[in-house]
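Novice:
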Ligand SMILES: Cc1cc2nc3c(=O)[nH]c(=O)nc-3n(C[C@H](O)[C@H](O)[C@H](O)COP(=O)(O)OP(=O)(O)OC[C@H]3O[C@@H](n4cnc5c(N)ncnc54)[C@H](O)[C@@H]3O)c2cc1C
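Below, the structure written as structure tokens:
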């Protein structure tokens, strides 16, 4: 390998880079000689011409704090760009000379600076993730903790972290559905004082952002972030993955494209980032703004003002949030427009339900209530197996199950007094509580939403827009006309990852959601797993999935979803069965769960162990593994007629058994409520709820176990 000249000029900033002395770098077992370049850290931008043009072809690079170490004759070859991102993460074991550049960034001093360092690079595990919210950062944090010397890069298309909690996505009054203590990483509790959120309160959106930023800092992954970088194409290579990216960062000039490779890839792009917006015939003279709810924060100051009328299209939680924000302004009103062909109003529950006043989130994570949901991946041995067999396998059990869902639904309707006023009655969900899935949300407003409906400040209309006419006029299909100041489409999100996969056919190989007709083999497998689900759980077949409370009886039995829609087909909702041999790709957060924080934590540990080879996979044939994958994902498609299971797993009462399954794979017992007289404490297990605190310290436990079994960390 030839050396470059001693002085290299970065065209971008006209600064010089100087070749330094030869140093020793420890990579795995080998001691390598390396040259040091000094460079000001501000110049270490992955896209600078210096790196992309001048150094690209060189072999192995490792960056140090303010400089670049070049390995002579390194055996690995990978893209330079990620190396530079990791400059803060290399474990510099020893600095052999002290003449580091001083903090004044005096260029003359830096020119003379010579580093001698001993760097210990663990291995060739280079992981890239993209998507930077709860799931992405949790995966990065766990991976970094287990493999502190591995190189991790997180790519995020927007300019800030947080997904729906990013500063540009939030508006005053937006809060989590979750009460304090349930939207936090188990190993990084959201301190009441530190974040000024108290027990029993819903977490304000800006506090979530603050918390996520603190988490990133605390876990030391801040150096791994690359904001303003959209991954546009994921390409499968013989070994690993190639990502075609587009940098939107102004620092990189904006709009510049580049390619990078990685051995391991986690896609964590979320489910709520690509707005789905209806198009209506619109007169050129229509004056009001028509926006998607994703842009509501940007237009908040103009839309949320006094003496206005806002048309909110949709009936999901975002529609409720927007309607509430608008209608609580002096002399302002809002109309919620709910299309007759859809799923209707979501189940909007008060935080505390049942005659016992149980906290809804806790109820969902209490095993006793979870038993009421048939769940193919739930444990079928011991007490849990017995009770599940009784509840779902016997006539009496099924009566109890039916009664439970009836009581739960009635309770929400009573607590919200939905049937007591003709206007609130329009917000009664059209399907039974069993069908709800994540079309379930929690009232987290400071005042009663339904008072606004009763007072006429929020009007509910079941209809659709025919056209946006002249001036401020919107005409509905039913003929009604109204004058509006703004139209906010809270019409949800496009499904799928929203990027291209190469080569052709890769999407199917990875098991991504599709609207294409399944091929014969797939269709046969779907039928086979459906038969198993209906045999094991007759309630799944016999129940009424129709929109039995639809105000128009003629529409009660019409189809609301695309029959060709196929969901993600991922084993454990995480990995494509086709990639098991390589263990090179995973999908984090490709599901909805009320317990996102615990779910992200458990998924991150599972994926880290899967990637590094320490996770044993079930000793079953690949056909059996595919069968189980189809069974579990098809169950989700069938489970909630109101939910999203035909696109991705939609877990509510099935979340806890899912967490158990991940724990089981990792060799842990998911039942963590202790023992009595040497036996599992089934009383506590059944009636005490689970939250992030129950999984606290699991990554440490895992690390101890892996390090303790004498095998050390394997690498695949
Ligand atoms: C208004 C709203 C309120 C919500 N409230 C709650 C709540 O109270 N409780 C709850 O549990 N959940 C709630 N959710 C669900 C929420 O999505 C999850 O809690 C959580 O954000 C999921 O995290 P994630 O990492 O999977 O996805 P996201 O948070 O969506 O993050 C994915 C990230 O990937 C980035 N990305 C996407 N595509 C690319 C690409 N091609 N290249 C690079 N980056 C990309 C996105 O910009 C985004 O930052 C809410 C969602 C919304 C929209």
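Residue numbers (this note's numbering): 1 to 716.
Ideal placement from N, C-alpha and C gives every residue a C-beta, glycine not left out.
Treat the numbers as computed from the prediction; the structure is a model and nothing was measured.
On a Cα-Cα basis, can you pick out the residue from 559, 552 and 608 that is closest to residue 463?
Specialist: For residue 463, the nearest C-alpha among the options comes from 552.
Novice: Verify whether the separation of the beta carbon atoms of residue 229 and residue 256 is less than 7 Å.
Specialist: Going by C-beta atoms, residue 229 is not nearer than 7 Å to residue 256.
Novice: Taking the alpha-carbon positions, what's the residue 703 to residue 625 distance?
Specialist: Straight-line Cα distance between these residues: approximately 27 Å.
Novice: Could you give the first and the last residue of the continuous beta strand (DSSP E) run that contains residue 313?
Specialist: It spans 309-313 - the beta strand (DSSP E) in which residue 313 sits, taken as one unbroken run.
Novice: Out of 583, 570, 633 and 481, which has the shortest C-alpha to C-alpha gap to residue 529?
Specialist: For the residues 583, 570, 633 and 481, the minimum Cα distance to residue 529 belongs to 633.
Novice: According to DSSP, is residue 382 part of a helix, a strand, or is it coil?
Specialist: Note: residue 382 maps to helix in three-state DSSP.
Novice: Are residue 670 and residue 687 closer than 7 Å when you measure CB to CB?
Specialist: It is not a contact, given that the beta carbons lie outside the stated cut-off.
Novice: Give the secondary structure of residue 587 by DSSP, where H, G and I count as helix, E and B as strand, and everything else as coil.
Specialist: Three-state result, residue 587: strand.
Novice: Examine ligand 1 and report whether any of its heavy atoms sits within less than 6 Å of the Cβ of residue 235.
Specialist: Result no, Cβ not under 6 Å from ligand 1.
Novice: So, do the stretch 235-243 and the stretch 197-210 have three or more beta carbon pairs nearer to each other than 8 Å?
Specialist: Cβ pair count under 8 Å is below three, so no.
Novice: Do residue 161 and residue 297 count as a contact pair if the criterion is CB distance below 7 Å?
Specialist: The answer is no: Cβ separation not under 7 Å.
Novice: Taking the continuous alpha helix (DSSP H) assigned at residue 377, which residues delimit it?
Specialist: Per DSSP, residue 377 belongs to no alpha helix (DSSP H) and is neither H nor E.
Novice: Would residue 318 pass as a contact of residue 490 if the rule is Cβ separation under 7 Å?
Specialist: Cβ distance < 7 Å, so residue 318 and residue 490 count as in contact.
Novice: Going by DSSP in three states, residue 489 sits in which element: helix, strand or coil?
Specialist: The answer is strand: DSSP assigns residue 489 an E or B state.
Novice: Provide the residue span of the beta strand (DSSP E) that contains residue 333, from first to last.
Specialist: From DSSP, the beta strand (DSSP E) with residue 333 extends over 333-338.
Novice: Is residue 158 near ligand 1, in the sense that its beta carbon is under 6 Å from a heavy atom of that ligand?
Specialist: Answer for residue 158: yes, Cβ within range of ligand 1.
Novice: Any idea what DSSP makes of residue 168, helix, strand or coil?
Specialist: Helix, per DSSP.
Novice: Answer yes or no: do residue 593 and residue 495 have a C-beta to C-beta separation smaller than 7 Å?
Specialist: No; because the gap between Cβ atoms is not below 7 Å, this pair is not in contact.
Novice: From residue 457 to residue 617, what distance separates their C-alpha atoms?
Specialist: Their backbone Cα atoms lie some 56 Å apart in a straight line.
Novice: Would you please state the rounded distance, in angstroms, between the beta carbons of residue 360 and residue 351? I believe it to be under 8 Å.
Specialist: Contact holds; Cβ gap of about 6 Å.
Novice: With DSSP as the reference, label residue 430 as helix, strand or coil.
Specialist: In the structure shown, residue 430 sits in coil (DSSP, three-state: anything other than H, G, I, E or B).
Novice: Does DSSP classify residue 265 as helix, strand or coil?
Specialist: Three-state DSSP puts residue 265 in a strand.
Novice: Determine the extent of the alpha helix (DSSP H) in which residue 297 is found, giving its start and end residues.
Specialist: Per DSSP, residue 297 belongs to the alpha helix (DSSP H) from 296-303.
Novice: Please name the residue in 507, 638 and 599 whose C-alpha comes closest to that of residue 561.
Specialist: Cα-wise, what sits closest to residue 561 is 638.
Novice: Taking the alpha-carbon of residue 393 as reference, which of 144, 373, 518 and 272 has the nearest alpha-carbon?
Specialist: Minimum Cα distance to residue 393 is reached at 373.
Novice: Less than 7 Å between C-beta atoms, sequence neighbours within five positions excluded: which residues of the same chain meet that for residue 557?
Specialist: Closer than 7 Å at Cβ, skipping near neighbours: 546.
Novice: Where does residue 288 land, buried or exposed, given buried means 16+ other C-beta within 10 angstroms?
Specialist: Classification for residue 288: buried.
Novice: So, is residue 517 buried or exposed, given that buried needs 16 or more other C-beta atoms within 10 angstroms?
Specialist: Residue 517 should be labelled exposed.
Novice: With respect to the alpha helix (DSSP H) encompassing residue 657, which residues constitute its N-terminal and C-terminal limits?
Specialist: Where residue 657 is concerned, the enclosing alpha helix (DSSP H) stretches over 655-665.
Novice: Would you check whether ligand 2 has a heavy atom nearer than 6 Å to the C-beta of residue 695?
Specialist: With respect to small molecules bound, the structure shown includes ligand 1 and not ligand 2.
Novice: Buried or exposed: residue 283, going by 16 or more other Cβ atoms within 10 Å of its Cβ?
Specialist: Under this definition residue 283 is an exposed residue.
Novice: Is residue 657 closer than 7 Å to residue 378 when the C-beta atoms are compared?
Specialist: For residue 378 and residue 657, yes; Cβs fall inside 7 Å.
Novice: Are residue 424 and residue 418 close, meaning C-beta to C-beta below 7 Å?
Specialist: A contact, by the Cβ cut-off of 7 Å.
Novice: In angstroms, rounded to a whole number, what distance separates the CA positions of residue 259 and residue 242?
Specialist: Whole-angstrom Cα-Cα distance: 7 Å.
Novice: Anyone know if the C-beta pair for residue 347 and residue 290 falls short of 7 Å?
Specialist: No.
Novice: Measure the beta-carbon distance from residue 578 to residue 510 and round it to whole angstroms, keeping in mind my assumption that it falls under 8 Å.
Specialist: Yes, they are in contact, since the Cβ atoms of residue 578 and residue 510 sit about 7 Å apart, within 8 Å.
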